[in-house]
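Visitor: After the structure tokens below, expect a handful of questions from me.
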Amino acid sequence: MKVRFWGVRGYVPTPDAAMLRYGGNTCCTAVTGDQGELIVLDTGTGFCMLGDELMQGEFGRGRGTLTLLISHTYWDHILGLPFPGVVHIPGNRLDIYGPDSTRGSLQMVYDGMLSPVYSPVFGLAHIGATHRFTPISTEPFIVGQLTIRAMPLSYRPHSPIWAYRLEERGRVLVYITDVRYGESGIREAAIAFARNAHVLIHSAPYLRAEEVEDYGHSRIEDAIETAQAADVERLVLFHHAPTRTDDELDAIVDRLRQMLAAQGSALQLLAAAEGMELVV
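Using my numbering, the letters of the sequence shown correspond one by one to residues 19 to 298.
And the structure:
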């Protein structure tokens, strides 16, 4: 199982010179299975960059299949879907999994985003690729050789947030984003879900010392504590704050690595950057 990051920023895209090394596109992570299965975690603006690359292969000829796992429907996690050419080529297939809410289905959310008020593509009926929406549940399902599990990590019915756990040949990748650990039982659920993961990708825009509104996000220290409690091997921070510069991220990661070393912790800490690749 291989991972490549296409968008690692949270909230809004940040096309700024001070953010070029880590990148300014919003959340999109691609996972490739050992047999070539392609699974995409969230379709923020980074999905546009991924789509451009996929056009060079089978997707450019209308023979590609994408499995999309959507954690929730905030703009920074869905906005990139309608733009890449791969979704407009007949013959391509999109299998889209994600949460419905009290305000409507995931398909309704995407159709609303493609309203003529907002988009020149008037609804999902006008994209060329075949697409199928499946409401996510806690029942595991199989994509190729990968087993995928999902877990709700928010009690907000208007915008439920789900985490994903991907397993292949004994290797485990867990994806947790936009989690609010102040809600009752959420921290314990996240720790159990991430237990013994080889890689945990966790949103972490701000430090506890920063007096900013987090809009429902955990702090960087929360991600570290969850990873340690779950006996995670590698923690990858993403969903970086839009104002966070490359140099600031470098300094934060360096300081936290020193803290982990002083604790005698075996946890490996990374900050995700566009183009970064990992083998799980």
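Every residue gets a Cβ at the ideal spot worked out from N, C-alpha and C, and that includes glycine.
(1) I'd like the list of long-range same chain contacts for residue 101, defined as Cβ closer than 6 Å, with 5 residues on each side in sequence excluded.
(2) In the DSSP assignment, what are the bridge partners of residue 15?
(3) Nearest by alpha-carbon distance to residue 204: which of 191, 176, 226, 235 is it?
(4) Quick check: residue 95 and residue 45, are their CB atoms within less than 7 Å of each other?
(5) Are the segment 66-85 and the segment 169-181 in contact at 8 Å, needing three or more beta carbon pairs?
(6) For a cutoff of 7 Å on Cβ pairs, would you count residue 273 as touching chain B?
(7) Relative to the alpha-carbon of residue 62, which residue among 131, 25, 82, 36 has its alpha-carbon at the smallest distance?
(8) Quick one: what does DSSP say residue 248 is sitting in, helix, strand or coil?
(9) I'd like the list of long-range same chain contacts for residue 37, defined as Cβ closer than 7 Å, with 5 residues on each side in sequence excluded.
(10) Just the C-alpha distance for residue 213 and residue 250, rounded to the nearest angstrom, thanks.
(11) Note the first and the last residue of the continuous beta strand (DSSP E) segment covering residue 169.
(12) How would you call residue 82, buried or exposed, if buried means at least 16 neighbouring beta carbons within 10 angstroms?
(13) In angstroms with no decimal places, state the Cα-to-Cα distance between residue 43 and residue 59.
(14) Could you check which residue in 52, 87, 28, 152 has the C-alpha nearest to that of residue 20?
(15) Taking 8 Å as the cut-off, does the segment 145-153 touch the segment 100-115 (at least 3 CB pairs, one atom from each stretch)?
(16) Which residue spans inside the segment 141-165 form an unbroken beta strand (DSSP E) run of at least 3?
(17) Pick out whichever of 293, 117, 79, 40 has its Cα sitting closest to the Cα of residue 178.
Guide: According to the data block:
(1) 66
(2) Here the chain has residues from 19 to 298 only, and residue 15 is not among them.
(3) 235
(4) yes
(5) no
(6) Note that chain B does not occur in the displayed structure, where there is just one protein chain.
(7) 25
(8) coil
(9) 263, 264
(10) 7 Å
(11) 164-170
(12) buried
(13) 14 Å
(14) 52
(15) yes
(16) 148-153, 159-161
(17) 117
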